[in-house]
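Visitor: Here's a structure for you.
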Amino acid sequence: MRLDRYLSHVGCGTRTEVQKLVKQKRVSVDNVIVTTPNMHINNQVVKLDNYEVIYKEYYYFILNKPQGVITATEDSQHKTVLDLLNIADQNKKVAPIGRLDKDTEGLLILTNDGKLSHNLTSPAKHVNKIYYAKIQGNLDKDAVEKFSLGIQLNDGTKYKSAKLEVISNDEIYVTINEGKFHQVKKMVKAVGAEVIFLKRVKMGNLDLPEDLLCGEYRELTEDELDKLR
Ligand code: URA
């Protein structure tokens with residue numbers, strides 16, 4: 000692969016930007032400063048400003064999404080989840096898998112692996128997502144059963160069977176395997192209460208790590224990635 004393509008893929012900038020980095024003598028290959036952006040890279044060690052830049056075909060990040068940012072890759076008005084990544088990681092061209100509302104927190108995966116993204120969002124794959132919610136109001140007595148049977152809204156929207164676990168008067172867990180617009184909020188409303196706080200805590204077999212603070216992100220480990228496959 001050409002050096003400029005390699006550098007661009009790992010997030011060092013556009014082709015034009017990385018060509019400039021090479022001209023500025025900031026790039027080395029096997030510890031020799033290079034000046035030709037079109038040189039071919041196989042298994043050599045590539046460094047920018049003396050930091051090794053490791054090529055991976057796919058990148059996988061886990062973010063503990065905070066409230067106030069939208070699940071998009073760009074937006075002219077609002078801060079997006081991509082804005083929470085450092086520039087090099089933003090440049091890796093990752094996109095969020097699925098969508099959390101602006102006021103929802105929690106587990107969000109970002110990747111450039113389209114196949115994984117499809118597998119986790121395709122309705123046919125039935126991947127479970129678990130949400131913790133704080134609620135206001137009284138749930139219908141048969142709310143758990145209604146969730147289990149599947150809920151139909153007055154506007155005709157149908158939600159498949161889901162799991163409602165009541166932890167206390169104002170705290171619940173909801174497990175769904177679809178990803179419809181405002182789904183948890185609407186399902187809870189349909190059984191008498193209102194969601195006032197929502198956090199995704201699990202996707203597939205992957206739990207939101209306890210040590211990943213709200214607003215923080217990091218690369219997934221291989222073990223974590225296996226839990227999504
Ligand atoms: N359900 C919702 O209502 N909102 C989310 O962000 C995710 C699931």
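The sequence shown begins at 0 in numbering that gives the first Met the number 0 and counts up by one.
Every residue gets a Cβ at the ideal spot worked out from N, C-alpha and C, and that includes glycine.
#1: Tell me the DSSP bridge mates of F60?
#2: Should R228 be labelled buried (16 or more other beta-carbon atoms within 10 Å of its own) or exposed?
#3: Taking 5 angstroms as the limit, tell me which residues put their C-beta closer than that to any heavy atom of the ligand URA, in chain order.
#4: Shortest alpha-carbon distance to K64 belongs to which of L211, K140 and I53?
#5: Here's the rule: buried if 16 or more other CB atoms are within 10 angstroms of the residue's CB, otherwise exposed. What is I166?
#6: Whose C-alpha, out of E73, T103 and G97, is nearest the C-alpha of Q89?
#7: Would G113 be called buried (16 or more neighbouring beta carbons within 10 Å of its own) or exposed?
#8: Is the number of C-beta pairs between the segment 115-129 and the segment 30-41 that are closer than 8 angstroms three or more?
#9: Report all residues from its chain with a CB closer than 6 angstroms to the CB of M0; omit the five preceding and five following residues, and keep chain order.
#10: Would you be able to state if there are at least three C-beta pairs under 8 angstroms between the segment 130-149 and the segment 172-179?
#11: In whole angstroms, what is the alpha-carbon distance linking L99 and D206?
#12: Of the choices I195, A192, N30 and T220, whose alpha-carbon is the least far from that of Y50?
#13: Looking only at DSSP bridge pairs, what is R1 linked to?
#14: Could you check which residue in T156, Y54, T79 and Y59 has the C-alpha nearest to that of R226?
#15: Count the other C-beta atoms from every protein chain shown that fall within 10 angstroms of the C-beta of H181, then say buried if there are 16 or more, exposed otherwise.
#16: I'd like to check one pair, G178 with A161: are the Cβ atoms closer than 9 angstroms?
#17: Can you list, in chain order, the residues of its chain with a C-beta nearer than 6 angstroms to that of F196? Leave out the 5 residues immediately preceding and following it.
#18: If we ignore side chains and look at the alpha-carbon of each, how far apart do K55 and Q43 end up?
#19: Give the straight-line distance between the Cα atoms of E104 and R199, rounded to the nearest whole angstrom.
Guide: Taking the definition as stated:
#1: Position 61 of the sequence shown, counted from the first residue, corresponds to residue 60. DSSP lists L109 and E218 as the bridge partner or partners of F60.
#2: As a first step, residue 228 is located in the sequence shown; it is residue number 229 there, counting from the start. With fewer than 16 other Cβ atoms within 10 Å, it is exposed.
#3: This selection yields L99, D100, T103, H181, Q182, V183 and K184.
#4: As a first step, residue 64 is located in the sequence shown; it is residue number 65 there, counting from the start. Nearest C-alpha to K64: L211.
#5: Locating residue 166 in the sequence shown gives position 167, where the first residue counts as 1. Exposed, by the Cβ-count rule.
#6: Stepping through the sequence shown from its first residue, residue 89 is reached at position 90. Among E73, T103 and G97, the Cα nearest to that of Q89 belongs to E73.
#7: By 1-based counting over the sequence shown, the position of residue 113 is 114. The residue in question, G113, is exposed, as its Cβ has fewer than 16 Cβ neighbours within 10 Å.
#8: With fewer than three CB-CB distances shorter than 8 angstroms, the segment 115-129 does not count as touching the segment 30-41.
#9: Position 1 of the sequence shown, counted from the first residue, corresponds to residue 0. Apart from sequence neighbours up to five positions away, the residues of its chain that approach M0 with a beta-carbon distance below 6 angstroms are I40, ordered along the chain.
#10: The segment 172-179 makes contact with the segment 130-149: 3 or more CB pairs, one atom from each, lie closer than 8 angstroms.
#11: On the sequence shown, position 100 is the one that residue 99 refers to. On the sequence shown, position 207 is the one that residue 206 refers to. C-alpha separation (whole angstroms): 16 angstroms.
#12: Locating residue 50 in the sequence shown gives position 51, where the first residue counts as 1. Out of I195, A192, N30 and T220, N30 has the C-alpha closest to the C-alpha of Y50.
#13: Position 2 of the sequence shown, counted from the start, is the residue given in the question as residue 1. H39.
#14: Counted from its first residue, the sequence shown places residue 226 at position 227. The sequence given here has Lys at residue 226, not Arg. Measuring from the Cα of K226, the nearest candidate turns out to be Y59.
#15: Stepping through the sequence shown from its first residue, residue 181 is reached at position 182. The residue in question, H181, is exposed, as its Cβ has fewer than 16 Cβ neighbours within 10 Å.
#16: Locating residue 161 in the sequence shown gives position 162, counting from the first residue. Locating residue 178 in the sequence shown gives position 179, counting from the first residue. The Cβ atoms of A161 and G178 do not sit closer than 9 angstroms to each other.
#17: For the purposes of this step, residue 196 is identified with residue 197 of the sequence shown, where counting begins at 1. Cβ within range, chain order: K133.
#18: Taking the first residue of the sequence shown as 1, we reach residue 55 at position 56. Taking the first residue of the sequence shown as 1, we reach residue 43 at position 44. So the alpha carbons of these two residues sit roughly 14 angstroms apart.
#19: Along the sequence shown, one-based indexing puts residue 104 at 105. Along the sequence shown, one-based indexing puts residue 199 at 200. Distance from the CA of E104 to the CA of R199, rounded to the nearest whole angstrom, comes to 6 angstroms.
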